[in-house]
Amino acid sequence: MLSDTVTNVDTIIDRYPGQPEYLIFLLQDIQAEYNYVSPEAMQLVADHTGVPLSRVYAVATFYQSFSLEPKGEHEIRVCMGTACHLKGSGRIVEDLERRLGVEAGHTTEDLSFTLETVNCLGACALAPVMVADEEYHPTVTSQKINKMLKQLTQE
Ligand code: FES
31 MLSDTVTNVD TIIDRYPGQP EYLIFLLQDI QAEYNYVSPE AMQLVADHTG
81 VPLSRVYAVA TFYQSFSLEP KGEHEIRVCM GTACHLKGSG RIVEDLERRL
131 GVEAGHTTED LSFTLETVNC LGACALAPVM VADEEYHPTV TSQKINKMLK
181 QLTQE
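So the sequence shown is numbered by the numbering used here: it starts at 31 and just counts up by one.
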């Protein structure tokens, strides 16, 4: 399994010349392919570009578009912006953490779900809001969470 990953990362790495200015392109392609950048991939990128591993790691952690953890099949994002917070989004996060058995910012062990919090989803009038696999869920309640999870697990 690991060797498959390494082989495929090698294929991505071969797309770019071994120079530091291609660091971001490489990380973007790896992120796009695997939905995260593994420590092994970062080492390969460092070796290829000549950028120190600590710098590759710093870049990968600086940009929010890179994830250092594998993402789940389904991604749930709960808004913790002011409007949603005032309407109880903290309880929604706790509810989801309990049901999924994972803390916000992490992925379930079986890689089914990733639970994230975000600052504003741009739909404050519909607070509290969550997005599950790009589908917006307005005025979230415990019942709506039930329905959403049932729907996602049946897919
Ligand atoms: S604060 Fe939640 S959508 Fe804006």
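Built from N, CA and C at the ideal position, the CB exists for glycine as well.
Got a sec: does ligand 1 put a non-hydrogen atom nearer than 7 Å to the Cβ of glycine 111?
Indeed, a heavy atom of ligand 1 lies less than 7 Å from the Cβ.
Buried or exposed: which applies to serine 95, given that a residue is buried once 16 or more other Cβ atoms fall within 10 Å of its Cβ?
It counts as exposed.
Cα-Cα separation between aspartate 34 and methionine 72, rounded to whole angstroms
Because aspartate 34 sits at a pLDDT of 47, beneath the cut-off of 50, its placement in the model cannot be relied upon, and the point is left open.
Bounding residues of the beta strand (DSSP E) (the contiguous stretch that carries methionine 160):
Methionine 160 -> beta strand (DSSP E) spans 160-162.
Determine the DSSP secondary structure at arginine 107, reduced to helix, strand or coil.
Strand at arginine 107.
Kindly list the residues whose CB is nearer than 6 Å to the CB of arginine 85, restricted to its own chain and excluding five residues on each side of it in sequence; keep chain order.
Closer than 6 Å at Cβ, skipping near neighbours: no residue.
Any chance you could list the alpha helix (DSSP H) runs of at least 4 consecutive residues sitting entirely within the stretch 81-131, in chain order?
Restricted to the stretch 81-131, the alpha helix (DSSP H) segments that are unbroken, complete and at least 4 residues in length are 83-92, 112-116, 119-130, listed in chain order.
Closer than 7 Å: leucine 151 CB and nearest ligand 1 heavy atom
Within the cutoff, so yes.
Between which two residues does the alpha helix (DSSP H) holding valine 170 run?
Per DSSP, valine 170 belongs to no alpha helix (DSSP H) and is neither H nor E.
Where does the unbroken beta strand (DSSP E) through threonine 79 begin, and where does it stop?
Going by DSSP, threonine 79 is part of no beta strand (DSSP E) but of the alpha helix (DSSP H) stretching over 69-79.
Does the Cβ of glutamate 70 have 16 or more other Cβ atoms within 10 Å, making it buried, or fewer, making it exposed?
Answer is exposed; the Cβ neighbour count stays below 16.
If you reduce the DSSP assignment to three classes, tell me which class threonine 25 lands in.
With the chain running from 31 to 185 in the structure shown, residue 25 is simply not present.
Looking at the strands, I want to know which residues DSSP matches up with alanine 183.
Per the sequence shown, the amino acid found at residue 183 is threonine instead of alanine. Beta-bridge annotation (DSSP): threonine 183 is not paired with any residue.
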